[in-house]
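Asks: If you read the sequence shown in full-length UniProt numbering, its first letter stands for residue 1, the second for the next number, and so on.
Using N, Cα and C, we set each Cβ at its ideal position, and we do this for glycine too.
Structure in structure tokens, see below.
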Amino acid sequence: MLGICRGRRKFLAASLTILFVPAITWIYLFAGSFEDGKPVSLSPLESQPHSPRYTASSQRERESLEVRMREVEEENRVLRKQLSLAQSRSPSHHRSNHSKTYSMEEGTGDSESLRAGIVAGNSSECGQQPAVEKCETIHVAIVCAGYNASRDVVTLVKSVLFHRRNPLHFHLIADAIAKQILATLFQTWMVPAVRIDFYDADELKSEVSWIPNKHYSGIYGLMKLVLTKTLPSNLERVIVLDTDITFATDIAELWAVFHKFKGQQVLGLVENQSDWYLGNLWKNHRPWPALGRGYNTGVILLLLDKLRKMKWEQMWRLTAERELMSMLSTSLADQDIFNAVIKQNPFLVYQLPCFWNVQLSDHTRSEQCYRDVSDLKVIHWNSPKKLRVKNKHVEFFRNLYLTFLEYDGNLLRRELFGCPSEADVNSENLQKQLSELDEDDLCYEFRRERFTVHRTHLYFLHYEYEPASDNTDVTLVAQLSMDRLQMLEAICKHWEGPISLALYLSDAEAQQFLRYAQGSEVLMSRHNVGYHIVYKEGQFYPVNLLRNVAMKHISTPYMFLSDIDFLPMYGLYEYLRKSVIQLDLANTKKALIVPAFETLRYRLSFPKSKAELLSMLDMGTLFTFRYHVWTKGHAPTNFAKWRTATTPYRVEWEADFEPYVVVRKDCPEYDRRFVGFGWNKVAHIMELDAQEYEFTVLPNAYMIHMPHAPSFDITKFRSNKQYRICLKTLKEEFQQDMSRHYGFAALKYLTAENNS
């Protein structure tokens, strides 16, 4: 842009010269034609040697003037040639001006060019400050590994999406854990004009594992060094971000800074805002070499194409090998090596203004970067203490961070109008399914819920699971909302095996759950519990979707399909593992029934054996589950027989049967058409029966339902007639679907329903 401005100034100067030089010359000649106040004639006749006015002095003046005129004409000829060349080049300049438009942002690496561009004034094109092209894709690379980083990066992505006006392409260097979590999250988030590519971080370990690193980021904190090798060879530039970054402005402003790089500048970095590299933080502190305060690598602009031509890979490796001979290890991961390379090659760096990386570490000098909120562009929580870091304005920064942390991610699903986006098969199928629904149907909202895509964050907390050597392990599966959170600790005390939970929460509630879990010794001591957040959307509780999410992400061959309101008997986990072997569940289609009971007392002395439970049953402290409101739901369990049974016994399916069962992980999913209250488990048990599962009651197993306030959905069912009408309609449609799918054998479900 500035080159174009200089070209136009030359063009203007040349034009002025051609206009004014001849005029001045003729004025000069005209003035020189006067002698003693009289005009001197230059006519051929009067210039003859025999003219009485002719003198030797006037002849010399005339000759000198003629020489001067020839010189001026020669200068004019040269200027005309330059002018014609400038005119022939100007269209190409004009075209390049419109092919890319850049934002002129002040940076310490290009202040002279900026001032030159502003000189032309507001009316000149050179003085304007256009932005990045409307539909230009911005590329962002992030290294992300593990459960915690996968959770942290979501806040960064939210802050970028909130401000962005351009298509985004995220390049995620992720381990297997982060890839599973983030692939599901972005697939269910369905944000328009956002593309995600994953690169296997585990394959890159060998590239940097030879570098000892003391930083808490571990081996993954070194992987930004190999991005030139990892990212696609046709990718020319990329913004590289740490996961603990929060944007307070449009990322396009940072992308525009690339066009301010000059010469061999290939790295855009902000100066480190602490005294770390000055080596004066404590006695005998010996940091890696750096230019002055060094540079922070939480935000990096990489010109990948030029770095590859410079043989960046060889450059950083040689530097690291040399420095490690004396330093032995890195203290700040990739940042130490970047700074050591820059120390030897300072021409590589374009220094970004410090507001592009306001660093909130201890001993930071970041306060010098901003005078007002409007000055902030990027906040970097680059201390192990994160939100607990010491800073004069930390409360303000924390509130800004929490705004995005708890922001409803569904609101970021906004279109970028005018920008063509890649065809998304899932999105197109969803739109097609929704378009086939009748919006005038009184049950439209029920039907629509079946197709709603809920944003899902798997493994919200750290998860570890060691597979059982005998291949008999069982996972307890359940779903819950915020109002059942208090049941988690009790369930963990009753069930020592793996648990898979789907939690239906808003973004803000997810953070409340995180704080609750992190403050619970019981929950923090359990690493075999998978917490999967399904974010709220719509007016119904998607109970069967939640069950399916929890079922899909178990790590064991068997699962116990329970509800969050039930406490399993002590020792049930081990009992079920033995039953799996005894009843050959691996090779047979069986559903093992765990008999369900309930208490109306909020404080219960939990029975430690079947004999104790029977005693409490006789005393009226316990009841068979829902015997007084929904007897049909569990009557086929045959509690009378169970009282004296010592061996497993088989029972037959009956209408409205909804027991809690242990099945193989390959059992059918729950039907998503049933939401809120009513028929959600009944339909699933019916399908198990249609697939010829054998229902077997376990004689020494039990679970007890704990009392709680009625859910909002059951209240709607009881008070809303249309709710009940729609549920009845969905039941009939489900039975018809069963008949079509399973044929003649499924007719009994229609008959049983009519007789019930």
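Could you pull out every unbroken beta strand (DSSP E) segment of at least 3 residues lying fully inside the segment 169–229, listed in chain order?
Replies: With a minimum length of 3 residues, the continuous beta strand (DSSP E) runs that stay inside the segment 169–229 are 194–200.
Asks: Between residue 214 and the rest of its own chain, which residues show a CB-CB distance below 6 Å, the 5 nearest in sequence each way excluded?
Replies: Closer than 6 Å at Cβ, skipping near neighbours: 329, 331.
Asks: I'd like the list of long-range same chain contacts for residue 548, defined as Cβ closer than 6 Å, with 5 residues on each side in sequence excluded.
Replies: 669, 670, listed in sequence order.
Asks: Could you please give me the residues that DSSP links to residue 694 through a beta bridge?
Replies: BP columns for residue 694 point to 590.
Asks: Assign residue 287 to one of two classes, buried (16 or more other C-beta atoms within 10 Å of its C-beta) or exposed (fewer than that).
Replies: Looking at its Cβ environment, which holds 16 or more other Cβ atoms inside 10 Å, residue 287 is buried.
Asks: Examine the Cβ distances between the segment 344–353 and the segment 257–268 and report whether three or more of them are shorter than 8 Å.
Replies: Short answer: they touch.
Asks: Kindly indicate the opening and closing residues of the beta strand (DSSP E) around residue 354.
Replies: From DSSP, residue 354 is part of no beta strand (DSSP E); its letter is neither H nor E.
Asks: Go to residue 559, then tell me how far its beta strand (DSSP E) extends in each direction, as first and last residue.
Replies: Segment 558–561, the beta strand (DSSP E) holding residue 559.
Asks: So, does the segment 672–682 touch the segment 564–571, judging by three or more C-beta pairs under 8 Å?
Replies: These segments do not touch.
Asks: Note down the Cα distance separating residue 276 from residue 488, rounded to an integer number of angstroms.
Replies: Approximately 44 Å, taken between the alpha carbons.
Asks: Answer yes or no: do residue 141 and residue 238 have a C-beta to C-beta separation smaller than 7 Å?
Replies: For residue 141 and residue 238, yes; Cβs fall inside 7 Å.
Asks: Is the separation between the beta-carbon of residue 270 and that of residue 356 shorter than 7 Å?
Replies: Contact flag set, yes.
Asks: Using only the alpha-carbon positions, how far apart do residue 745 and residue 486 sit?
Replies: Rounded to whole angstroms, residue 745 to residue 486 spans 43 Å at the Cα level.
Asks: Which whole runs of the alpha helix (DSSP H) in the segment 461–534 are 4 residues long or more, in chain order?
Replies: As far as the segment 461–534 is concerned, its whole alpha helix (DSSP H) runs of at least 4 residues are 487–494, 507–518, 521–524.
Asks: Could you tell me the alpha carbon to alpha carbon distance between residue 184 and residue 344, rounded to whole angstroms?
Replies: The straight-line gap from Cα to Cα measures roughly 43 Å.
Asks: According to DSSP, simplified to helix, strand and coil, what is residue 246?
Replies: Looking at residue 246 - three-state DSSP - the assignment turns out to be strand.
Asks: Do the segment 585–601 and the segment 519–530 make contact, defined as three or more Cβ pairs closer than 8 Å?
Replies: The answer is no - the segment 519–530 does not touch the segment 585–601, with fewer than three Cβ pairs under 8 Å.
Asks: Excluding sequence positions up to five away, which residues of its chain have a Cβ less than 6 Å from the Cβ of residue 54?
Replies: Its pLDDT being 42, under 50, residue 54 is placed unreliably by the model, and nothing is read from it.
Asks: Looking at the structure shown, is residue 646 part of a helix, part of a strand, or coil, going by DSSP?
Replies: Note: residue 646 maps to coil in three-state DSSP.
Asks: Helix, strand or coil, according to DSSP, for residue 266 in the structure here?
Replies: Coil, per DSSP.
Asks: Helix, strand or coil: how does DSSP classify residue 701 here?
Replies: DSSP places residue 701 in coil when its eight states are reduced to three.
Asks: At which residue ranges does the segment 302–342 contain complete alpha helix (DSSP H) runs of 4 or more residues, listed in the order of the chain?
Replies: Whole alpha helix (DSSP H) segments, 4+ residues: 304–309, 312–327.
Asks: By Cβ distance, which residues of its chain are closer than 7 Å to residue 152, with the 5 residues on each side in sequence left out?
Replies: The residues are 243, 244.
Asks: At the level of alpha carbons, what is the spacing between residue 471 and residue 557?
Replies: Looking at the two C-alpha atoms, the distance is approximately 7 Å.
Asks: With DSSP as the reference, label residue 574 as helix, strand or coil.
Replies: If DSSP states are grouped into helix, strand and coil, residue 574 belongs with the helices.
Asks: Assess contact between the segment 158–167 and the segment 405–420, defined as three or more Cβ pairs (one per stretch) separated by less than 8 Å. Is contact present?
Replies: A contact exists between the segment 158–167 and the segment 405–420.
Asks: List the residues that DSSP assigns as beta-bridge partners of residue 241.
Replies: Its beta-bridge partners are 142, 299.
Asks: Could you give the distance in angstroms between the alpha-carbon of residue 555 and the alpha-carbon of residue 467?
Replies: Roughly 8 Å between the two C-alpha positions.
Asks: How should residue 738 be labelled, buried or exposed, when 16 other C-beta atoms within 10 angstroms of its C-beta is the threshold for buried?
Replies: By the neighbour-count rule (16 or more Cβ atoms within 10 Å), residue 738 is buried.
Asks: Ordered along the chain, which non-local residues of its own chain (more than five positions away) have a Cβ less than 6 Å from that of residue 289?
Replies: The residues are 340, 343.
Asks: Going by DSSP, what residue range makes up the beta strand (DSSP E) through residue 567?
Replies: Residues 566–568.
Asks: Ignore the nearest five residues each way along the sequence and tell me which others in residue 407's own chain have a CB closer than 8 Å to its CB.
Replies: Once the five neighbours on either side are set aside, the close Cβ partners of residue 407 are 158, 162, 507.
Asks: Helix, strand or coil, according to DSSP, for residue 379 in the structure here?
Replies: Reduced to three states, the DSSP call for residue 379 is strand.
Asks: Which stretch, first to last residue, makes up the alpha helix (DSSP H) that contains residue 664?
Replies: Segment 660–664 is the beta strand (DSSP E) holding residue 664; no alpha helix (DSSP H) there.
Asks: Leaving out five residues before and five after residue 369 in sequence, what residues of the same chain have Cβ atoms less than 6 Å from its Cβ?
Replies: Same-chain partners within the cutoff: 354, 355, 358.
Asks: What's the gap between the Cα of residue 365 and the Cα of residue 143?
Replies: Distance between the alpha carbons of residue 365 and residue 143 is about 26 Å.
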